[in-house]
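>
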Amino acid sequence: MTTETRSTCPYCGVGCGVVIASRDGQITGVRGDPEHPANFGRLCTKGSTLHLTATPEVTRQTRLLQPMQRAARGAAPQPLGWDAALDSAAARFASVITAHGPDAVGFYLSGQLLTEDYYVFNKLAKGLIGTNNLDTNSRLCMSSAVAGYKQTLGADAPPTCYDDLQHTECLFIVGSNTAWAHPILFRRIEDAKRANPALQIVVVDPRRTDTCEIADLHLALLPGTDVMLFHGMLHLMLREGWTQPAYIAAHTSGFDALAALVRECTPERVAAVCGIAQDALLQATRLFATSPATLSLYCMGMNQSSSGTAKNAALINLHLATAQIGRHGAGPFSLTGQPNAMGGREVGGLSNLLPAHRDLANAAHRAEVAAFWGVEQIPAQPGKSAIEMFEAAADGEIRALWIACTNPAQSMPDQATVRRALQRAEFVVVQEAFAGTATCAFADLLLPATTWGEKEGTVTNSERRISRVRAAVPPSGMARHDWHIAADFACRLAERLGRGAALFPYTTPESVWNEHRETTRGRDLDITGMDYAMLEAAPQQWPLPAGATQGRPRLYEDGRFATTDGRARFVAAPYQAVAEPRDDHYPFSLNTGRLRDQWHGMSRTGTLGRLFGHVPEPVVQMHAQDMARHRLADGDLVHVSSRRGSIVVPVVASADLGASQAFIAMHWGPEYLGGRSSTGMALAGVNALTTPQHCPVSKQPELKHTAVKILKA
Ligand code: SF4
Numbered sequence: 012m013t014t015e016t017r018s019t020c021p022y023c024g025v026g027c028g029v030v031i032a033s034r035d036g037q038i039t040g041v042r043g044d045p046e047h048p049a050n051f052g053r054l055c056t057k058g059s060t061l062h063l064t065a066t067p068e069v070t071r072q073t074r075l076l077q078p079m080q081r082a083a084r085g086a087a088p089q090p091l092g093w094d095a096a097l098d099s100a101a102a103r104f105a106s107v108i109t110a111h112g113p114d115a116v117g118f119y120l121s122g123q124l125l126t127e128d129y130y131v132f133n134k135l136a137k138g139l140i141g142t143n144n145l146d147t148n149s150r151l152c153m154s155s156a157v158a159g160y161k162q163t164l165g166a167d168a169p170p171t172c173y174d175d176l177q178h179t180e181c182l183f184i185v186g187s188n189t190a191w192a193h194p195i196l197f198r199r200i201e202d203a204k205r206a207n208p209a210l211q212i213v214v215v216d217p218r219r220t221d222t223c224e225i226a227d228l229h230l231a232l233l234p235g236t237d238v239m240l241f242h243g244m245l246h247l248m249l250r251e252g253w254t255q256p257a258y259i260a261a262h263t264s265g266f267d268a269l270a271a272l273v274r275e276c277t278p279e280r281v282a283a284v285c286g287i288a289q290d291a292l293l294q295a296t297r298l299f300a301t302s303p304a305t306l307s308l309y310c311m312g313m314n315q316s317s318s319g320t321a322k323n324a325a326l327i328n329l330h331l332a333t334a335q336i337g338r339h340g341a342g343p344f345s346l347t348g349q350p351n352a353m354g355g356r357e358v359g360g361l362s363n364l365l366p367a368h369r370d371l372a373n374a375a376h377r378a379e380v381a382a383f384w385g386v387e388q389i390p391a392q393p394g395k396s397a398i399e400m401f402e403a404a405a406d407g408e409i410r411a412l413w414i415a416c417t418n419p420a421q422s423m424p425d426q427a428t429v430r431r432a433l434q435r436a437e438f439v440v441v442q443e444a445f446a447g448t449a450t451c452a453f454a455d456l457l458l459p460a461t462t463w464g465e466k467e468g469t470v471t472n473s474e475r476r477i478s479r480v481r482a483a484v485p486p487s488g489m490a491r492h493d494w495h496i497a498a499d500f501a502c503r504l505a506e507r508l509g510r511g512a513a514l515f516p517y518t519t520p521e522s523v524w525n526e527h528r529e530t531t532r533g534r535d536l537d538i539t540g541m542d543y544a545m546l547e548a549a550p551q552q553w554p555l556p557a558g559a560t561q562g563r564p565r566l567y568e569d570g571r572f573a574t575t576d577g578r579a580r581f582v583a584a585p586y587q588a589v590a591e592p593r594d595d596h597y598p599f600s601l602n603t604g605r606l607r608d609q610w611h612g613m614s615r616t617g618t619l620g621r622l623f624g625h626v627p628e629p630v631v632q633m634h635a636q637d638m639a640r641h642r643l644a645d646g647d648l649v650h651v652s653s654r655r656g657s658i659v660v661p662v663v664a665s666a667d668l669g670a671s672q673a674f675i676a677m678h679w680g681p682e683y684l685g686g687r688s689s690t691g692m693a694l695a696g697v698n699a700l701t702t703p704q705h706c707p708v709s710k711q712p713e714l715k716h717t718a719v720k721i722l723k724a
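The sequence shown begins at 12 in the numbering used here and counts up one residue at a time.
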């Protein structure tokens, strides 16, 4: 008999509800959940083929099905039991911690993990071991958005919701190919445009993406010049009298310094720096400022930047200056890349955070968390962010790494450093559902984890909505749930360290979530009015404190912000060019991004031939004039080289890019796109080229701009 189980899509931050069909312990189908408020039954190509990635035939070939251990690097891994595997891991971690201190170990996690998984790992690192070296691939995804919200509005909380698409009159999309990266949200944008043809849509993106097809205006700005654009827009708003002085006076602080800063961002200068026409700048500014309701949507083009925080803050400045916030259809709305980057932040799953949006740098917050967990203290020593963690491992400072549900040997920038780190570390644990990721090749110990269709827990999507993830079938092989692996390891480590034996009493994901819920009491994301039973009935948005019957779709409607004085803060950050400008040696700006039908390193989507129909192979896209100048024809193989490495890939002409720009999709791994570091180390994928330079505030790397040269192979 076929059983139906409601769950959530594991791919992007839209957070679509799915209904999984299963029979005899096998997943047999999937359809969109018509009652889920993120998608109302719709699914994109990735979501609608999820069941095909979980057939026994695919699982046998792709999944890690039992713990495995390597006697030496490069040796074939050998199977072992769970007890032996976790005892071995606990012994090696205890040995490193005892000999070199807690900061000699690090945990690198994933926005694909469920909130419950994240919570246990965070408590393990910061509560039991006493290191803040816990970071996640959300650092590569959302950390600039987090920092931007906190600097301006006072809290890491998108103040808007998907319903606002139906109320907005001006949609300002920046650095987001929503049509491909968040397809079901894009369907809602199309619906909104159909229902209200007067809706004006502005797309700001160096590339002419599919999202531009719906735009009334496309500003193809030069890569990395967003801050200059936004400052120039504010300059024009002030000149034209389009700001809202009464709102600024009543609800904000810091405007005078910003107004002084943007005085020099004249239309002439902005047009020259951003490479756009002055009349287009004026048109975009008028639409933003004078529309009855302006909603901005933004994503990796804003975040993956050496000035990512400044970009986020500069855009939010515009919302505050024009009072386009706290109303239906108005506000700054960051789109989450991964399915649970938001949930990870809620439990403090970054090296600078603590549970329930507390800050590690805040002594009172550290004391609160220590008291809640019943540990002596949370160390004040800042943890290492993703880039710093792998650099520290490459330098020998971090000696043991635990990597869960992510593939840094493909997805992190500056692959040569990441691979040096994985080679030099004394002990590398990889906790994974999929056996063939590039990172698995570096593991001393491989731990099989459950994945979509097998897991229970929760995720939070872009609009602060918490949904249940449910198991439709039993775990494959010997795979265990991520929270369970972390908690079991923690208990064994506690025994060896002689402390913290009672910290991990969990028996179910719900018991973990209930503890997490208590940490939120009185915080901006208070969910003490929620429980699993309520989430069984329907997904819920936070905050939802005790006594409330539903969450809040919009924040700051009363004009009070999450700062100490209740006022939003303007941020006057000057424009800075990309970290690695192109020059005579490296004359092209390389951009990276998603394809419509692939996800991350393709460990799941890469198992389905039909998902290669849209884009079948890796290519580098270039402007036709650049190709003509370099005597290149479509399909020619070229070396694309940066200061760090080189890959060989076919080239194709694209009318979507400006001159001196190039684009390669991020998904292609070692099977598709081989390369070499500048010292001859074998590398793979576009991250052989990308730079580790990052935003000084958010520590998010500049994956959207690398200076490269392109030469015929
Ligand atoms: Fe899944 Fe995102 Fe597609 Fe929705 S839009 S089905 S969450 S990949």
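Virtual Cβ for every residue (Gly too), placed ideally from N, Cα, C.
Apart from the five residues just before and just after residue 696, which ones in its own chain have a Cβ nearer than 6 Å to its Cβ?
Stepping through the sequence shown from its first residue, residue 696 is reached at position 685. If we look at residue 696 and ignore the five residues flanking it on each side, its Cβ neighbours are 421, 679, 680 and 684.
> Below 8 Å on the Cβ atoms is my guess for residue 195 versus residue 214; work out the distance and round it to an integer in Å.
As a position in the sequence shown, residue 195 is number 184, starting the count at 1. As a position in the sequence shown, residue 214 is number 203, starting the count at 1. With 8 Å as the limit, residue 195 and residue 214 do not qualify as a contact, their Cβ atoms being about 18 Å apart.
> Any residue with its C-beta under 5 Å from a non-hydrogen atom of the ligand SF4 counts. Can you list them all in chain order?
20, 22, 23, 25, 27, 54, 55, 57, 58, 194 and 195
> With a threshold of 16 other CB atoms inside 10 Å of the CB of residue 648, please say whether the residue is buried or exposed.
By 1-based counting over the sequence shown, the position of residue 648 is 637. Answer is exposed; the Cβ neighbour count stays below 16.
> So is residue 638 buried or exposed if we call it buried at 16+ other beta carbons inside 10 Å?
Working through the sequence shown from its first residue, we reach residue 638 at position 627. The residue in question, residue 638, is buried, as its Cβ has 16 or more Cβ neighbours within 10 Å.
> Measure the C-alpha to C-alpha separation of residue 59 and residue 247 and round it to an integer number of angstroms.
The residue given as residue 59 occupies position 48 in the sequence shown. The residue given as residue 247 occupies position 236 in the sequence shown. Computed Cα separation, rounded: 45 Å.
> Measure the CB-CB distance between residue 370 and residue 364 and report whether it falls below 8 Å.
One-based indexing of the sequence shown puts residue 370 at position 359. One-based indexing of the sequence shown puts residue 364 at position 353. A contact, by the Cβ cut-off of 8 Å.
> Within the same chain, show all residues whose beta-carbon is closer than 6 Å to that of residue 223, passing over the 5 residues directly before and after it, in chain order.
The residue you call residue 223 lines up with position 212 of the sequence shown. 214 and 229.
> Fully enclosed by the region 591-647, which alpha helix (DSSP H) runs are 4 residues long or longer?
635-640
> For residue 443, report the span of its beta strand (DSSP E) as first-last.
Taking the first residue of the sequence shown as 1, we reach residue 443 at position 432. Run containing residue 443: 438-443, per the beta strand (DSSP E) assignment.
> According to DSSP, residue 90 sits in a beta bridge with which residue or residues?
Stepping through the sequence shown from its first residue, residue 90 is reached at position 79. The partner list for residue 90 (beta bridge, DSSP) reads 79.
> Where does residue 36 fall in DSSP's three states?
Numbered from 1 along the sequence shown, position 25 holds the residue referred to as residue 36. DSSP places residue 36 in coil when its eight states are reduced to three.
> In three-state DSSP terms, what is residue 414?
Translated into the one-based positions of the sequence shown, residue 414 becomes position 403. Residue 414 falls in the strand class under three-state DSSP.
> What residues match up with residue 310 in a beta bridge as DSSP calls it?
Numbered from 1 along the sequence shown, position 299 holds the residue referred to as residue 310. Answer by DSSP bridge pairing: none, since residue 310 is not bridged.
> Quick check on this structure: which residue in 703, 682 and 704 has the alpha carbon closest to the alpha carbon of residue 694?
Numbered from its first residue, the sequence shown carries residue 694 at position 683. Among 703, 682 and 704, the Cα nearest to that of residue 694 is on 682.
> Give me the residue from 23, 235, 217 and 494 with the minimum Cα distance to residue 585.
Taking the sequence shown and counting its residues from 1, the one referred to as residue 585 is at position 574. When only C-alpha atoms are compared, the closest one is 235.
> Would you check if the distance between the CB atom of residue 212 and the CB atom of residue 176 is smaller than 8 Å?
Start at 1 with the first residue of the sequence shown, and residue 212 comes out as number 201. Start at 1 with the first residue of the sequence shown, and residue 176 comes out as number 165. Result no, Cβ atoms of residue 212 and residue 176 do not sit closer than 8 Å.
> Report the three-state DSSP secondary structure of residue 354 (helix, strand or coil).
As a first step, residue 354 must be located in the sequence shown, where it is residue number 343. Note: residue 354 maps to helix in three-state DSSP.
> Is the distance from the Cβ of residue 153 to the Cβ of residue 348 below 8 Å?
As a first step, residue 153 must be located in the sequence shown, where it is residue number 142. As a first step, residue 348 must be located in the sequence shown, where it is residue number 337. Against a cut-off of 8 Å, the Cβ pair of residue 348 and residue 153 comes out as a contact.
> Cβ of residue 394 within 8 Å of Cβ of residue 142?
Counting from 1 along the sequence shown, the entry for residue 394 is found at position 383. Counting from 1 along the sequence shown, the entry for residue 142 is found at position 131. In contact: residue 394 and residue 142 (Cβ atoms closer than 8 Å).
> Identify, in the order they occur along the chain, each residue of the same chain with its Cβ nearer than 7 Å to the Cβ of residue 11, setting aside the five sequence neighbours on each side.
The question about residue 11 has no answer, for the chain in this structure spans 12 to 724.
> Use the C-beta contact count for residue 373: other C-beta atoms within 10 angstroms, 16 or more gives buried, fewer gives exposed.
Position 362 of the sequence shown, counted from the first residue, corresponds to residue 373. Under this definition residue 373 is an exposed residue.
> Shortest alpha-carbon distance to residue 350 belongs to which of 239, 49 and 65?
If you number the sequence shown from 1, residue 350 lands on position 339. Cα-wise, what sits closest to residue 350 is 49.
> Got a sec, what are the start and stop residues for the beta strand (DSSP E) residue 720 sits in?
Within the sequence shown, the letter at position 709 stands for residue 720. DSSP places residue 720 inside the beta strand (DSSP E), whose first and last residues are 717-723.
> State the start and end residues of the unbroken alpha helix (DSSP H) segment that holds residue 285.
Mapped onto the sequence shown, residue 285 falls at position 274. 278-285 is the span of the alpha helix (DSSP H), which, as asked, contains residue 285.
> If residue 337 sits next to residue 567, beta carbons under 8 Å apart, how far is it from one beta carbon to the other, in whole angstroms?
Taking the sequence shown and counting its residues from 1, the one referred to as residue 337 is at position 326. Taking the sequence shown and counting its residues from 1, the one referred to as residue 567 is at position 556. Contact holds; Cβ gap of about 4 Å.
> Could you name the residues that DSSP lists as bridge partners for residue 477?
The residue given as residue 477 occupies position 466 in the sequence shown. Partner(s): 471 and 551.
> Can you grab the Cα-Cα spacing for the pair residue 210 / residue 296, in whole Å?
If you number the sequence shown from 1, residue 210 lands on position 199. If you number the sequence shown from 1, residue 296 lands on position 285. The alpha-carbon atoms of residue 210 and residue 296 are separated by roughly 15 Å.
> According to DSSP, what are the bridge partners of residue 712?
Within the sequence shown, residue 712 is the residue found at index 701, counting from 1. Note: residue 712 sits in a beta bridge opposite 705.
> Taking all protein chains shown into account, decide if residue 36 is buried (16 or more other Cβ within 10 angstroms of its Cβ) or exposed.
Position 25 of the sequence shown, counted from the first residue, corresponds to residue 36. By the neighbour-count rule (16 or more Cβ atoms within 10 Å), residue 36 is not buried but exposed.
> Excluding sequence positions up to five away, which residues of its chain have a Cβ less than 8 Å from the Cβ of residue 569?
The residue labelled residue 569 in the question sits at position 558 within the sequence shown. Only 337 meet the Cβ criterion.
> Please classify residue 15: does DSSP put it in a helix, a strand, or coil?
Walking along the sequence shown from the start, residue 15 turns up at place 4. Of the three classes helix, strand and coil, the one that applies to residue 15 here is strand, per DSSP.
> How about residue 73 and residue 447: do their beta carbons lie closer than 8 Å?
Position 62 of the sequence shown, counting from 1, holds the residue named residue 73. Position 436 of the sequence shown, counting from 1, holds the residue named residue 447. Result yes, Cβ atoms of residue 73 and residue 447 sit closer than 8 Å.
> Just checking my contact of residue 405 with residue 432 at CB under 8 Å: how many whole Å lie between their CB atoms?
Position 394 of the sequence shown, counted from the start, is the residue given in the question as residue 405. Position 421 of the sequence shown, counted from the start, is the residue given in the question as residue 432. Rounded, the Cβ-Cβ distance is 4 Å, consistent with contact.
> Three or more C-beta pairs closer than 8 Å, one from the region 305-312 and one from the region 323-339: is that the case here?
yes
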